[in-house]
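To start, the structure itself, in structure tokens.
There are 4 protein chains.
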Amino acid sequence: MGGKPTWLYQLSKAGKLCVPAMNVNDSVTKQKFDNLYCCRESILDGLKRTTDVMFGGKQVVVCGYGEVGKGCCAALKALGAIVYITEIDPICALQACMDGFRVVKLNEVIRQVDVVITCTGNKNVVTREHLDRMKNSCIVCNMGHSNTEIDVTSLRTPELTWERVRSQVDHVIWPDGKRVVLLAEGRLLNLSCSTVPTFVLSITATTQALALIELYNAPEGRYKQDVYLLPKKMDEYVASLHLPSFDAHLTELTDDQAKYLGLNKNGPFKPNYYRY
Amino acid sequence: MGGKPTWLYQLSKAGKLCVPAMNVNDSVTKQKFDNLYCCRESILDGLKRTTDVMFGGKQVVVCGYGEVGKGCCAALKALGAIVYITEIDPICALQACMDGFRVVKLNEVIRQVDVVITCTGNKNVVTREHLDRMKNSCIVCNMGHSNTEIDVTSLRTPELTWERVRSQVDHVIWPDGKRVVLLAEGRLLNLSCSTVPTFVLSITATTQALALIELYNAPEGRYKQDVYLLPKKMDEYVASLHLPSFDAHLTELTDDQAKYLGLNKNGPFKPNYYRY
Amino acid sequence: MGGKPTWLYQLSKAGKLCVPAMNVNDSVTKQKFDNLYCCRESILDGLKRTTDVMFGGKQVVVCGYGEVGKGCCAALKALGAIVYITEIDPICALQACMDGFRVVKLNEVIRQVDVVITCTGNKNVVTREHLDRMKNSCIVCNMGHSNTEIDVTSLRTPELTWERVRSQVDHVIWPDGKRVVLLAEGRLLNLSCSTVPTFVLSITATTQALALIELYNAPEGRYKQDVYLLPKKMDEYVASLHLPSFDAHLTELTDDQAKYLGLNKNGPFKPNYYRY
Amino acid sequence: MGGKPTWLYQLSKAGKLCVPAMNVNDSVTKQKFDNLYCCRESILDGLKRTTDVMFGGKQVVVCGYGEVGKGCCAALKALGAIVYITEIDPICALQACMDGFRVVKLNEVIRQVDVVITCTGNKNVVTREHLDRMKNSCIVCNMGHSNTEIDVTSLRTPELTWERVRSQVDHVIWPDGKRVVLLAEGRLLNLSCSTVPTFVLSITATTQALALIELYNAPEGRYKQDVYLLPKKMDEYVASLHLPSFDAHLTELTDDQAKYLGLNKNGPFKPNYYRY
Chain A
102 MGGKPTWLYQ
112 LSKAGKLCVP
122 AMNVNDSVTK
132 QKFDNLYCCR
142 ESILDGLKRT
152 TDVMFGGKQV
162 VVCGYGEVGK
172 GCCAALKALG
182 AIVYITEIDP
192 ICALQACMDG
202 FRVVKLNEVI
212 RQVDVVITCT
222 GNKNVVTREH
232 LDRMKNSCIV
242 CNMGHSNTEI
252 DVTSLRTPEL
262 TWERVRSQVD
272 HVIWPDGKRV
282 VLLAEGRLLN
292 LSCSTVPTFV
302 LSITATTQAL
312 ALIELYNAPE
322 GRYKQDVYLL
332 PKKMDEYVAS
342 LHLPSFDAHL
352 TELTDDQAKY
362 LGLNKNGPFK
372 PNYYRY
Chain B
102 MGGKPTWLYQ
112 LSKAGKLCVP
122 AMNVNDSVTK
132 QKFDNLYCCR
142 ESILDGLKRT
152 TDVMFGGKQV
162 VVCGYGEVGK
172 GCCAALKALG
182 AIVYITEIDP
192 ICALQACMDG
202 FRVVKLNEVI
212 RQVDVVITCT
222 GNKNVVTREH
232 LDRMKNSCIV
242 CNMGHSNTEI
252 DVTSLRTPEL
262 TWERVRSQVD
272 HVIWPDGKRV
282 VLLAEGRLLN
292 LSCSTVPTFV
302 LSITATTQAL
312 ALIELYNAPE
322 GRYKQDVYLL
332 PKKMDEYVAS
342 LHLPSFDAHL
352 TELTDDQAKY
362 LGLNKNGPFK
372 PNYYRY
Chain C
102 MGGKPTWLYQ
112 LSKAGKLCVP
122 AMNVNDSVTK
132 QKFDNLYCCR
142 ESILDGLKRT
152 TDVMFGGKQV
162 VVCGYGEVGK
172 GCCAALKALG
182 AIVYITEIDP
192 ICALQACMDG
202 FRVVKLNEVI
212 RQVDVVITCT
222 GNKNVVTREH
232 LDRMKNSCIV
242 CNMGHSNTEI
252 DVTSLRTPEL
262 TWERVRSQVD
272 HVIWPDGKRV
282 VLLAEGRLLN
292 LSCSTVPTFV
302 LSITATTQAL
312 ALIELYNAPE
322 GRYKQDVYLL
332 PKKMDEYVAS
342 LHLPSFDAHL
352 TELTDDQAKY
362 LGLNKNGPFK
372 PNYYRY
Chain D
102 MGGKPTWLYQ
112 LSKAGKLCVP
122 AMNVNDSVTK
132 QKFDNLYCCR
142 ESILDGLKRT
152 TDVMFGGKQV
162 VVCGYGEVGK
172 GCCAALKALG
182 AIVYITEIDP
192 ICALQACMDG
202 FRVVKLNEVI
212 RQVDVVITCT
222 GNKNVVTREH
232 LDRMKNSCIV
242 CNMGHSNTEI
252 DVTSLRTPEL
262 TWERVRSQVD
272 HVIWPDGKRV
282 VLLAEGRLLN
292 LSCSTVPTFV
302 LSITATTQAL
312 ALIELYNAPE
322 GRYKQDVYLL
332 PKKMDEYVAS
342 LHLPSFDAHL
352 TELTDDQAKY
362 LGLNKNGPFK
372 PNYYRY
């Protein structure tokens with residue numbers, strides 16, 4: 102659904118980007134919809150379709166409290182799960198605290214949790230050592246990116262038996278009989294085992310289309326061989342196109358108010374650094 | 102608690118800023134703590150201390166769905182109020198929709214709501230016309246900025262009677278006997294009728310102190326006569342200093358992971374445009 | 102999963118019950134698990150598997166605010182839907198108010214909602230007249246009992262076209278092209294389109310088994326040809342058997358405390374009229 | 102606000118009740134409003150007014166998960182606290198699990214929590230031993246009944262210093278300097294340090310008045326020297342009288358529906374054992 106723009110920035114830094122590029126992945130509407138709001142629903146959907154697990158009372162550890170992690174945690178907490186967070190970034194960790202989650206190292210809770218969910222964008226967040234210590238029937242899945250977050254390769258060893266119990270669901274069986282339930286072989290749960298609502302697709306596609314139109318129509322010189330964020334006004338335009346489906350009614354600034362705020366009545370309404 | 106940095110940017114734009122300035126108001130820790138997390142608590146506290154209103158079942162309209170509005174709405178919804186939002190910015194409006202709030206124009210709900218709360222940073226958001234249409238006992242207060250959001254001046258007319266019922270609480274009485282309950286004469290409820298937790302003061306004071314130290318210690322030439330955001334690493338440092346009070350345990354990147362992500366193990370952990 | 106015990110009481114009233122009967126359906130563990138907690142999850146699961154609908158921002162009306170309705174509403178609200186309630190019972194209606202839902206008549210919101218869910222135990226709650234007034238793409242489903250809550254028969258008329266779009270999902274198409282999305286032909290969504298967690302099955306099965314054992318072992322004369330609720334102590338026993346799966350640690354009364362409360366240290370802990 | 106009716110039942114059991122009595126305390130509207138819904142708000146209010154504590158990120162243990170405990174926990178969780186429960190009753194304990202709380206023995210968490218709240222109706226739930234093990238600045242308060250839940254007497258010993266820091270707030274100081282913040286000397290926080298909304302008073306007073314009218318008007322023989330629950334129809338009447346203040350619109354049964362359900366169109370709508 103867009104993917105991480107890190108390589109674009111790396112190309113640009115190396116001077117190897119030969120055309121202007123738009124980082125649509127980090128537009129507000131993309132971040133919040135594809136990530137926060139979409140994952141809030143797809144974590145539940147993905148887990149239910151594959152395992153029929155009941156969420157109420159389950160202990161869950163979510164690795165990473167970015168937009169994806171925030172969405173997963175909000176949904177699971179709302180349905181009665183007890184959620185722990187692991188984080189490397191102190192700001193996100195403090196947010197987790199204020200949102201009512203204990204911030205722990207994975208080792209502190211790995212023996213007691215019923216579900217492990219990775220949302221870090223990192224690699225080897227769940228290692229063989231962690232997998233060895235999980236309790237029987239622990240469910241492990243990845244909502245982050247790619248298939249690197251769980252060290253699945255480390256599970257392909259002779260002493261462990263793999264049993265495919267249904268599509269996208271493997272039981273990995275330890276010599277003592279312990280089973281770990283691995284979903285989608287560590288690939289993205291939300292893409293493998295859930296669906297993406299058409300509403301989210303519409304937002305993402307609109308953002309991408311507008312970015313292309315902007316790059317194509319821009320007067321020469323506006324964009325160089327670099328990576329740009331979507332102009333805020335366009336981000337706001339994408340949002341405004343999707344408000345009618347919620348029957349949402351926007352308020353208009355009066356001339357007097359626009360002047361007071363130093364804003365154009367048609368936006369953009371926020372400085373570039375605004376976080377939403 | 103810091104205030105809007107708009108005038109700093111205006112001074113800078115006009116070339117009248119004679120020293121470098123740090124916009125600490127828009128650091129992450131400041132925005133989230135002073136605004137989102139603090140207002141989530143102080144809206145309840147401010148309303149209770151002044152009016153003893155029961156939140157359950159009340160209809161409330163919140164004008165503005167920025168950080169302050171988001172905090173107020175989350176708290177009121179959690180305690181059983183039915184919350185409507187007004188917004189001028191389509192992105193914030195779409196967020197309100199996804200968070201489960203109806204986005205309306207103030208006129209659509211003004212006759213039915215029990216509480217009106219402004220959090221816009223704007224002026225004359227609640228006008229005399231709105232006040233005339235409110236129902237008896239409607240509570241009106243301001244969580245935004247300054248004292249401009251509610252047009253209180255328009256209420257100082259001969260046909261209306263003011264009755265001070267207790268400190269910070271006025272009944273404004275219409276000729277037909279209708280009373281509107283005005284809190285803090287339209288000034289900031291969170292500063293006038295609630296308290297600021299020492300934890301939040303600590304975060305804000307730390308941020309301000311670090312900004313001053315940075316400006317003082319910076320090698321010549323790092324900062325010009327302009328407005329700067331707090332360097333992300335310092336923002337992260339403020340957060341990390343406050344984690345121990347929650348007994349939160351941060352995870353450290355391995356060398357391999359840091360290399361994979363292209364990050365320094367000590368941060369900063371996010372690009373500047375990251376929204377948290 | 103047990104079903105309504107109304108007919109048992111009717112048989113008993115008519116003097117036609119020829120053996121003692123246990124109304125296990127109204128034991129606490131059955132009511133809360135099969136109904137409140139299970140439906141809180143299966144409403145989301147049932148809707149997702151059949152329609153992939155995004156919950157955020159959707160307007161939903163739930164008919165009936167009993168245990169099933171409470172579960173459905175809590176889940177949908179938590180995921181960002183705006184939920185309206187219809188009720189016939191003023192106590193349940195007042196609970197809905199205090200939980201933050203508007204209580205309306207179905208006609209007041211039928212034109213604007215995206216989803217209609219019945220949980221009443223009643224019949225013809227959604228009539229042809231309601232169906233005629235729904236907007237295009239409105240989803241209609243039944244979480245209550247049997248298949249009587251939605252008047253599906255009224256939709257089997259020549260002017261409407263039925264289109265089966267996938268298993269359990271029909272589009273009913275009006276002459277003007279409007280489509281209503283009918284799930285499971287009005288039968289129970291939670292049984293037709295979702296799964297029941299084994300944890301809930303375990304609770305229900307344990308309750309039923311204990312009731313049979315009690316009836317079989319009871320000394321002659323304890324039970325007559327009548328309908329009985331499960332003895333509270335047995336209800337508590339079912340609960341205590343399921344606590345270890347949550348690693349929950351119960352506190353024991355001291356002798357002194359038991360005496361103070363006038364309770365046996367092993368329960369039962371509540372009077373029969375206690376509501377939980 | 103009514104108090105525990107245990108002594109009424111004890112009088113009745115001992116044959117010493119000389120008039121009929123109504124247990125209004127256990128009417129639905131009383132239980133839910135005075136206890137669940139009212140405490141959901143007054144726990145926040147009571148803690149804020151006395152201590153200005155920030156709820157976000159705080160670790161709290163709530164002793165007892167009855168109506169009062171459920172209200173306290175819902176509010177604190179919603180505002181970002183991490184809540185642990187202690188319970189003696191396995192049914193309430195299982196409810197706590199499903200609502201997303203860890204059920205522990207007090208000793209397991211007493212060293213780490215920031216706030217201890219009792220809601221048990223029991224005595225000596227918090228003992229001197231617990232108080233000795235609390236961390237510095239731990240807040241201790243009682244939302245349950247009477248002043249017996251916290252063993253305050255055990256704190257009146259020479260080695261501990263009491264410091265009254267403001268009305269209803271004492272610091273109890275250990276020889277090593279540790280301070281425990283005791284609210285209202287262990288009496289009811291909601292009555293001592295918070296207010297009761299007029300709405301709740303109205304419900305309670307209506308219930309009490311109706312009970313008296315019923316006892317006075319009842320034909321001879323309807324009530325003997327025993328304890329009765331409020332007739333359900335009256336409970337429903339109290340609720341219906343309070344719906345207009347929420348602009349809630351009740352649905353009426355059709356004749357056909359009433360017949361199908363075997364109900365009178367005017368109620369009562371539920372069997373006596375219904376739990377709401």
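So the protein sequences, as listed, match chains A, B, C and D.
For the first sequence, the numbering used here assigns the number 102 to the initial residue and increments by one for each residue that follows.
For the second sequence, the numbering used here assigns the number 102 to the initial residue and increments by one for each residue that follows.
For the third sequence, the numbering used here assigns the number 102 to the initial residue and increments by one for each residue that follows.
For the fourth sequence, the numbering used here assigns the number 102 to the initial residue and increments by one for each residue that follows.
Beta carbons: idealized from backbone N, C-alpha and C, even for Gly.
Asked, Found
"Looking at the ligand ZN, does it come within less than 7 Å of Gln326/C, judged from the CB to the closest heavy atom?", "The model on display carries no ligand, and the ligand ZN is accordingly not part of it."
"Answer yes or no: do Val270/A and Val281/A have a C-beta to C-beta separation smaller than 8 Å?", "no"
"Between which two residues does the alpha helix (DSSP H) carrying Asn318/B extend?", "299-318"
"According to the neighbour-count rule (16 or more other Cβ atoms, all chains shown, within 10 Å of its Cβ), is Leu232/D buried or exposed?", "buried"
"Cutting at 7 Å between CB atoms, please list the residues of its own chain near Trp263/D, excluding the five before and the five after it.", "Asp271, Val273"
"Based on the DSSP secondary-structure assignment, which residues constitute the bridge partners of Arg376/D?", "Answer by DSSP bridge pairing: none, since Arg376/D is not bridged."
"Could you name the residues of chain A that Gly158/D contacts, counting a contact when the two beta carbons are closer than 7 Å?", "Cys198, Met199"
"Could you give the first and the last residue of the continuous alpha helix (DSSP H) run that contains Glu250/B?", "Taken as a continuous stretch (DSSP letters only), Glu250/B belongs to no alpha helix (DSSP H), as it is neither H nor E."
"Determine the DSSP secondary structure at His380/D, reduced to helix, strand or coil.", "Since the first residue shown for chain D is 102 and the last is 377, residue 380/D is missing from the structure and cannot be characterised."
"Between the Cα of Pro259/C and those of Arg141/C, Trp275/C, Asp252/C, spot the shortest distance and give me the residue it belongs to.", "Trp275/C"
"Just to confirm before moving on: does the CB-CB distance between Ala312/B and Val125/B stay below 8 Å?", "yes"
"Whole angstroms is fine: what's the gap from Met102/B's alpha carbon to His246/B's?", "At Met102/B, the pLDDT of 36 sits below 50, so the modelled position is not reliable and the matter cannot be decided from this model."
"According to DSSP, is Asp271/D helix, strand or coil?", "strand"
"In three-state DSSP terms, what is Ala122/B?", "strand"
"So Phe134/D and Val297/D are in contact, right, with Cβ under 8 Å, and what is the actual spacing, rounded?", "Contact doesn't hold; Cβ gap of about 10 Å is too wide."
"Nearest chain C C-beta to Asp44/A closer than 8 Å, yes or no?", "Only positions 102 to 377 of chain A appear in the structure, and residue 44/A is not among them; the question remains open."
"Judging by CA-CA distance, which residue of Ala319/A, Ser303/A, Gln160/A is the nearest neighbour of Cys182/A?", "A small correction: the amino acid at residue 182/A is Ala; Cys does not occupy that position in the sequence shown. Selected option, being the one with the closest Cα: Gln160/A."
"I'd like to know if Ile183/A contacts chain D, where contact means its C-beta is closer than 8 Å to some C-beta of that chain.", "yes"
"Please report the distance separating the alpha-carbon of Leu207/D from that of Glu250/D.", "13 Å"
"What does Asp127/B reach in chain A if we use C-beta pairs closer than 7 Å?", "Tyr374"
"Are the C-beta of Glu264/C and some C-beta of chain D separated by less than 8 Å?", "no"
"Hey, Val163/A and Gly170/A: beta-carbon distance below 8 Å or not?", "yes"
"Can you find at least 3 beta carbon pairs, one from the region 113-128 of chain B and one from the region 362-370 of chain A, that sit closer than 8 Å?", "no"
"How would you label Gly116/D, buried or exposed, when you count the other beta carbons within 10 angstroms and need 16 or more for buried?", "exposed"
"Pick out whichever of Leu351/C, Gln196/C, Gly201/C, Ile192/C has its Cα sitting closest to the Cα of Val184/C.", "Gly201/C"
"Hey, is Gly103/D's beta-carbon within less than 8 Å of any beta-carbon in chain B?", "Caution applies to Gly103/D, whose pLDDT of 41 falls short of 50 and renders its modelled position unreliable; the value that the coordinates give is listed next. Gly103/D does not count as touching chain B."
"Whole-angstrom Cβ separation of Ala349/D and Val204/C, contact assumed at under 8 Å?", "4 Å"
"Using 8 Å as the limit for Cβ to Cβ distance, is Lys206/B near chain C?", "no"
"Which residue marks the beginning of the alpha helix (DSSP H) containing Tyr110/B, and which one marks its end?", "107-114"
"Report the rounded CA-to-CA distance for Arg257/D versus Glu286/D, giving the unit in angstroms.", "11 Å"
"Beta-carbon within less than 8 Å of Leu364/C's beta-carbon, same chain only, minus the 5 sequence neighbours each way: which residues are those?", "Leu354, Phe370"
"Is it right to say Tyr338/C is buried, meaning 16 or more other beta carbons lie within 10 angstroms of its own, or is it exposed?", "buried"
"Please determine, among Tyr375/A, Arg265/A, Leu351/A, the residue with the shortest C-alpha to C-alpha distance to Thr187/B.", "Leu351/A"
"Is His246/A close to chain B? Criterion is C-beta to C-beta, closer than 8 Å.", "no"
"Is DSSP giving Met102/D helix, strand or coil here?", "Legend: pLDDT at Met102/D = 36, less than 50; position of this residue unreliable, value from coordinates given subsequently. The answer is coil: DSSP assigns Met102/D none of H, G, I, E or B."
"Closer than 8 Å by C-beta to Leu118/A: which residues in its own chain qualify, once you throw out the five before and the five after it? Chain order, please.", "Leu109, Leu112, Gln326, Asp327, Val328"
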